[in-house]
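Those protein sequence lines, which keep their order, are chains S and P.
Just so you know, we're using UniProt numbering here: the first sequence kicks off at 1 and counts up by one.
Just so you know, we're using UniProt numbering here: the second sequence kicks off at 1 and counts up by one.
Note that CB positions come from ideal geometry on N, CA and C, so glycine has one too.
No experiment lies behind these values; they were computed from the predicted model shown.
Since the structure comes first, as structure tokens, the remarks are kept for the end.
Protein chains: 2
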Amino acid sequence: MLPKPSNQLASPENGDPLFLEPFWIQNAASSAMLVAGWHRMSYTFTNQSLISRLLEDHIRKLHTTVGNAVTQGRFIVFGAGSTQLLNAAVHALSPDNSSAPAKVVASFPFYTVYQLQTDFFRSVNFQFQGDASLWKNKSDSTLNFIEFVTSPNNPDGQLKKAVLQGPHVKTIHDHAYYWPHFTAIPAPADEDLMIFTLSKLTGHAGTRLGWALIKDEALYQRMSTYVKMNILGVSKDTQLRALKLLKVALEGSGKEIFEFGYTAMKERWERLSNALSESKRFSIQEIAPQYCTFFKTVRGPSPAYAWFKCEREEDKECYTVLKEAGIIGREGNLYGAETSYVRLSLLKSQDDFDALLHQINKLVAQEDGTKSII
Amino acid sequence: MLPKPSNQLASPENGDPLFLEPFWIQNAASSAMLVAGWHRMSYTFTNQSLISRLLEDHIRKLHTTVGNAVTQGRFIVFGAGSTQLLNAAVHALSPDNSSAPAKVVASFPFYTVYQLQTDFFRSVNFQFQGDASLWKNKSDSTLNFIEFVTSPNNPDGQLKKAVLQGPHVKTIHDHAYYWPHFTAIPAPADEDLMIFTLSKLTGHAGTRLGWALIKDEALYQRMSTYVKMNILGVSKDTQLRALKLLKVALEGSGKEIFEFGYTAMKERWERLSNALSESKRFSIQEIAPQYCTFFKTVRGPSPAYAWFKCEREEDKECYTVLKEAGIIGREGNLYGAETSYVRLSLLKSQDDFDALLHQINKLVAQEDGTKSII
Numbered sequence: 001m002l003p004k005p006s007n008q009l010a011s012p013e014n015g016d017p018l019f020l021e022p023f024w025i026q027n028a029a030s031s032a033m034l035v036a037g038w039h040r041m042s043y044t045f046t047n048q049s050l051i052s053r054l055l056e057d058h059i060r061k062l063h064t065t066v067g068n069a070v071t072q073g074r075f076i077v078f079g080a081g082s083t084q085l086l087n088a089a090v091h092a093l094s095p096d097n098s099s100a101p102a103k104v105v106a107s108f109p110f111y112t113v114y115q116l117q118t119d120f121f122r123s124v125n126f127q128f129q130g131d132a133s134l135w136k137n138k139s140d141s142t143l144n145f146i147e148f149v150t151s152p153n154n155p156d157g158q159l160k161k162a163v164l165q166g167p168h169v170k171t172i173h174d175h176a177y178y179w180p181h182f183t184a185i186p187a188p189a190d191e192d193l194m195i196f197t198l199s200k201l202t203g204h205a206g207t208r209l210g211w212a213l214i215k216d217e218a219l220y221q222r223m224s225t226y227v228k229m230n231i232l233g234v235s236k237d238t239q240l241r242a243l244k245l246l247k248v249a250l251e252g253s254g255k256e257i258f259e260f261g262y263t264a265m266k267e268r269w270e271r272l273s274n275a276l277s278e279s280k281r282f283s284i285q286e287i288a289p290q291y292c293t294f295f296k297t298v299r300g301p302s303p304a305y306a307w308f309k310c311e312r313e314e315d316k317e318c319y320t321v322l323k324e325a326g327i328i329g330r331e332g333n334l335y336g337a338e339t340s341y342v343r344l345s346l347l348k349s350q351d352d353f354d355a356l357l358h359q360i361n362k363l364v365a366q367e368d369g370t371k372s373i374i
Numbered sequence: 001m002l003p004k005p006s007n008q009l010a011s012p013e014n015g016d017p018l019f020l021e022p023f024w025i026q027n028a029a030s031s032a033m034l035v036a037g038w039h040r041m042s043y044t045f046t047n048q049s050l051i052s053r054l055l056e057d058h059i060r061k062l063h064t065t066v067g068n069a070v071t072q073g074r075f076i077v078f079g080a081g082s083t084q085l086l087n088a089a090v091h092a093l094s095p096d097n098s099s100a101p102a103k104v105v106a107s108f109p110f111y112t113v114y115q116l117q118t119d120f121f122r123s124v125n126f127q128f129q130g131d132a133s134l135w136k137n138k139s140d141s142t143l144n145f146i147e148f149v150t151s152p153n154n155p156d157g158q159l160k161k162a163v164l165q166g167p168h169v170k171t172i173h174d175h176a177y178y179w180p181h182f183t184a185i186p187a188p189a190d191e192d193l194m195i196f197t198l199s200k201l202t203g204h205a206g207t208r209l210g211w212a213l214i215k216d217e218a219l220y221q222r223m224s225t226y227v228k229m230n231i232l233g234v235s236k237d238t239q240l241r242a243l244k245l246l247k248v249a250l251e252g253s254g255k256e257i258f259e260f261g262y263t264a265m266k267e268r269w270e271r272l273s274n275a276l277s278e279s280k281r282f283s284i285q286e287i288a289p290q291y292c293t294f295f296k297t298v299r300g301p302s303p304a305y306a307w308f309k310c311e312r313e314e315d316k317e318c319y320t321v322l323k324e325a326g327i328i329g330r331e332g333n334l335y336g337a338e339t340s341y342v343r344l345s346l347l348k349s350q351d352d353f354d355a356l357l358h359q360i361n362k363l364v365a366q367e368d369g370t371k372s373i374i
């Protein structure tokens with residue numbers, strides 16, 4: 001499809017995953033549901049649990065089908081989006097009554113919410129302390145660390161490992177984007193604490209469902225208590241909707257939604273890469289092709305975000321350069337990076353992406369006066 | 001209806017508001033809704049808000065119809081149940097960077113969650129400090145207080161006012177039960193910060209929707225930020241379900257659901273009162289009849305809970321006495337009261353209430369060997 005010849009402002013700012021909306025329109029009949037007014041009024045399900053056992057089973061089944069996470073020997077906690085579970089994990093991993101609060105870190109560039117949230121819920125037990133790499137030589141000390149590891153990373157799409165190791169280091173593996181839409185799946189994730197979200201799996205960000213796979217029972221209990229004390233359990237309407245959607249995702253071979261998602265994201269990445277291929281002024285990250293155990297082939301990149309860089313010294317306020325060109329991204333310094341970087345969201349609607357590409361093409365055309373807009 | 005002659009264990013323990021389930025069965029056609037798989041996938045509504053403007057309008061309209069709260073000049077924040085908003089309010093009312101954390105109090109007997117939640121989210125900025133009455137002479141000092149005022153009160157159903165007054169006292173008015181189902185409405189509540197919940201209005205506890213009516217814009221912003229940082233907004237599925245239910249509640253004169261709820265709760269109260277009327281061993285609270293501006297008449301009690309007391313010295317572990325009689329209530333000391341009190345939930349399903357009444361009748365019959373079970 002050619003980009004629309006519009007002068008519309010492009011806003012690849014947030015991570016609204018509307019790239020999957022056409023998939024659900026294609027599957028409108030099987031994904032629609034009727035909700036009776038008198039159903040599921042209670043706080044709990046009939047087994048007195050705050051969690052739908054059926055939804056839990058579907059989540060485990062989907063991870064097994066995709067091969068992106070080991071669920072055997074793991075407890076599951078649901079949250080109102082993975083957002084809630086990030087803080088629940090920090091809370092649960094922090095030592096009680098320690099003289100020093102746990103140091104919460106992430107290797108840069110990192111997802112801004114880790115810092116915003118940790119700072120906002122000012123606890124006596126934890127404190128955000130910046131870049132994990134700066135603490136590398138101190139992680140075998142008696143200091144308590146909690147490291148966020150985002151893989152694939154937000155903003156740059158790279159598969160990441162923990163930077164810190166040591167007896168007092170706890171790790172939260174945020175796998176929001178660890179689905180075939182966005183990355184090769186080299187092997188099932190097998191960490192002690194892994195967090196996933198419906199938003200980046202089915203695209204239903206507004207439904208607010210996240211889940212944590214947890215090896216340690218005591219940690220599972222602490223995180224469950226957090227959710228209970230905070231919101232008395234995830235909305236039953238949320239759980240019902242998610243169940244319906246996962247049933248559709250699991251239909252047939254369980255591959256259809258990922259083929260749709262990967263095809264859409266790969267095409268966007270290729271179009272953006274082509275648009276920038278001859279630019280000396282702008283660049284995007286490189287992501288190496290990798291064998292994917294889900295697609296059983298080596299596959300190229302299809303990340304959720306472009307980690308866009310203005311290469312010239314005079315463009316070091318890259319956000320402003322893009323803004324003047326009608327593109328609203330998110331400033332690199334929000335991710336702990338230099339201002340020469342901007343995060344551009346590639347997973348919004350097709351119209352949003354087309355508007356972005358249109359403006360990028362115009363910008364690149366200006367770079368070389370002789371080059372016309374493709 | 002006569003109580004079922006069952007020996008079933010009665011569990012009037014939690015506040016699951018199933019007394020309204022028959023109302024929704026009666027209104028099954030108008031309260032059912034069809035949810036399309038591809039609808040409302042975004043984090044926000046089309047106006048970029050996390051809150052449905054239409055739902056907000058319906059909430060304001062319902063308060064006006066019922067006359068239980070002034071909504072003019074108030075901002076609205078939604079939460080995942082009022083549970084979330086209780087802590088959001090404590091968080092937002094606490095001073096930042098003060099040398100002394102705000103003292104969070106409630107006059108006893110009080111809703112346990114205030115303490116559990118305040119203790120659990122151990123912040124540098126607030127700390128639970130028990131019974132408001134004990135601080136009465138210190139509330140005009142420079143100490144920062146946050147008082148929870150629950151009206152009608154949980155557990156005892158009394159309409160309550162703040163105990164503390166002073167320049168550094170902030171008050172959170174929890175009006176979860178301030179609906180004609182449970183109490184006369186003498187006048188619209190007109191406080192600076194009022195919290196309500198769908199659970200005790202329509203009975204949909206599992207849907208997890210609460211809202212706060214807030215006079216001060218800065219406080220509104222702080223509480224909105226709490227919800228955003230915590231869960232990135234209330235589930236759109238929750239908001240859609242609530243909208244559908246409130247539309248039904250507002251149909252016609254907007255009285256039907258309250259007539260249903262009041263009739264059900266009043267009948268239960270009367271049956272329980274009758275069962276205990278001649279007992280010297282057990283008692284329940286007295287609630288004075290009062291003029292209700294909604295029903296435009298003086299009306300008697302219909303509280304959500306019985307605040308049950310074992311009067312005899314040898315029965316001072318009242319929870320155990322009831323447990324031995326097959327009734328699982330909630331111990332009075334959880335509410336900051338003596339162990340001679342137990343909270344019994346009256347708002348569960350009709351079967352639950354019938355089982356409770358059956359066991360109560362048996363217990364009272366034992367008190368006087370000559371009295372048979374009615």
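Query                                                                                                                                                                                                 : Result
On a CA-only basis, which of P/Asp96, P/Phe258, P/Arg299 is nearest P/Pro186? Give me that one, please.                                                                                               : P/Arg299
Relative to the C-alpha of S/Arg330, which residue among S/Ala306, S/Glu311, S/Ser349, S/Phe353 is closest?                                                                                           : S/Ala306
Run through DSSP, which three-state label would P/Gln48 get?                                                                                                                                          : coil
Report the CB separation of P/Gly203 from P/Pro303 in whole angstroms; it is logged as a contact under 8 Å.                                                                                           : Actually they are not in contact, since the Cβ atoms of P/Gly203 and P/Pro303 sit about 16 Å apart, beyond 8 Å.
Look at the alpha carbon of P/Gln127 and the alpha carbon of P/Asp352, and state the distance between them as a whole number of angstroms.                                                            : 37 Å
Using the beta-carbon count (16 or more within 10 Å), is S/Thr297 buried or exposed?                                                                                                                  : exposed
Select from the segment 116-131 of chain S all residues with a C-beta closer than 8 Å to any C-beta belonging to chain P, and list them in chain order.                                               : Leu116, Gln117, Phe120, Phe121, Arg122, Ser123, Val124, Asn125
Excluding sequence positions up to five away, which residues of its chain have a Cβ less than 8 Å from the Cβ of S/Leu232?                                                                            : Tyr43, Leu50
What's the call for P/Gln117, buried or exposed, on a 16-neighbour Cβ count within 10 Å?                                                                                                              : buried
Do P/Phe78 and P/Leu250 have their CB atoms nearer than 8 Å?                                                                                                                                          : no
Given a threshold of 16 other Cβ atoms within 10 Å of its Cβ, counted over all protein chains shown, does S/Asp119 qualify as buried or as exposed?                                                   : exposed
Within its chain, find whatever has a CB closer than 7 Å to the CB of S/His58; leave out the 5 residues flanking it on each side and keep chain order.                                                : Leu243, Leu246, Lys247, Leu250
Which same chain residues, not among the five before or five after P/Glu259, have their C-beta less than 7 Å away from its C-beta?                                                                    : none
Taking 8 Å as the threshold (C-beta atoms), are P/Pro101 and P/Pro155 in contact?                                                                                                                     : no
Name, going along the chain, the residues of the segment 214-230 of chain S whose beta-carbon falls closer than 8 Å to a beta-carbon of chain P.                                                      : Thr225, Tyr226, Met229, Asn230
Is P/His173 near P/Leu193, with beta carbons less than 8 Å apart?                                                                                                                                     : yes
Can you name the start and end residues of the beta strand (DSSP E) that P/Lys170 belongs to?                                                                                                         : 169-174
With distances taken Cα to Cα, identify the nearest neighbour of P/Lys236 among S/Glu313, S/Leu54, S/Ser199, S/Ile195.                                                                                : S/Ser199
Are any of the Cβ atoms in chain S nearer than 8 Å to that of P/His168?                                                                                                                               : no
Please report the distance separating the alpha-carbon of S/Gly37 from that of P/Ile25.                                                                                                               : 7 Å
Let's test the definition: count the other Cβ atoms within 10 Å of the Cβ of P/Ile374 and tell me whether it reaches 16, buried, or not, exposed.                                                     : A caution first: P/Ile374 carries a pLDDT of 42, below 50, which makes its placement in the model unreliable, though a value can still be read off. The residue in question, P/Ile374, is exposed, as its Cβ has fewer than 16 Cβ neighbours within 10 Å.
Which runs of the beta strand (DSSP E) fall wholly inside the segment 197-223 of chain P and span at least 3 residues, in chain order?                                                                : 210-214
For S/Cys318, which of S/Ala325, S/Asn333, S/Ile328, S/Thr339 has the nearest alpha-carbon?                                                                                                           : S/Thr339
So who's on the other strand from S/Ala304, going by DSSP bridges?                                                                                                                                    : None, per the DSSP bridge assignment.
What does a CB cutoff of less than 8 Å around S/Asp315 pick up in its chain, not counting 5 residues either side in sequence?                                                                         : Arg281, Val321, Ser340
State the Cα-Cα distance for the pair P/Leu164 and P/Ser94, rounded to the nearest angstrom.                                                                                                          : 16 Å
Hey, is S/Thr238's beta-carbon within less than 8 Å of any beta-carbon in chain P?                                                                                                                    : yes
List the residues that DSSP assigns as beta-bridge partners of P/Val35.                                                                                                                               : S/Met33
As an exercise, report each continuous beta strand (DSSP E) stretch of at least 3 residues that is fully enclosed by the segment 331-374 of chain S, in chain order.                                  : 341-345
Take S/Thr183 and list the residues in its own chain whose beta-carbon comes closer than 6 Å to its own, dropping the five residues that flank it on each side.                                       : Pro152
Quick one: using the 10 Å Cβ neighbour count with 16 as the cut-off for buried, is P/Glu278 buried or exposed?                                                                                        : exposed
Does the segment 218-231 of chain S come into contact with the segment 75-89 of chain S, if we say contact requires no fewer than three beta-carbon pairs (one atom in each stretch) closer than 8 Å? : yes
By a C-beta neighbour count over all protein chains shown, 10 Å radius and 16 as the cutoff for buried, is P/Thr261 buried or exposed?                                                                : Here residue 261 of chain P turns out to be Gly, not Thr, going by the sequence shown. The residue in question, P/Gly261, is buried, as its Cβ has 16 or more Cβ neighbours within 10 Å.
What does P/Ile25 reach in chain S if we use C-beta pairs closer than 7 Å?                                                                                                                            : Trp38
Select from S/Asp131, S/Arg122, S/Ser123 the residue whose C-alpha is nearest the C-alpha of S/Thr112.                                                                                                : S/Asp131
Do S/Lys170 and S/Gln129 come within 8 Å of each other at the CB atom, strictly closer than that value?                                                                                               : no
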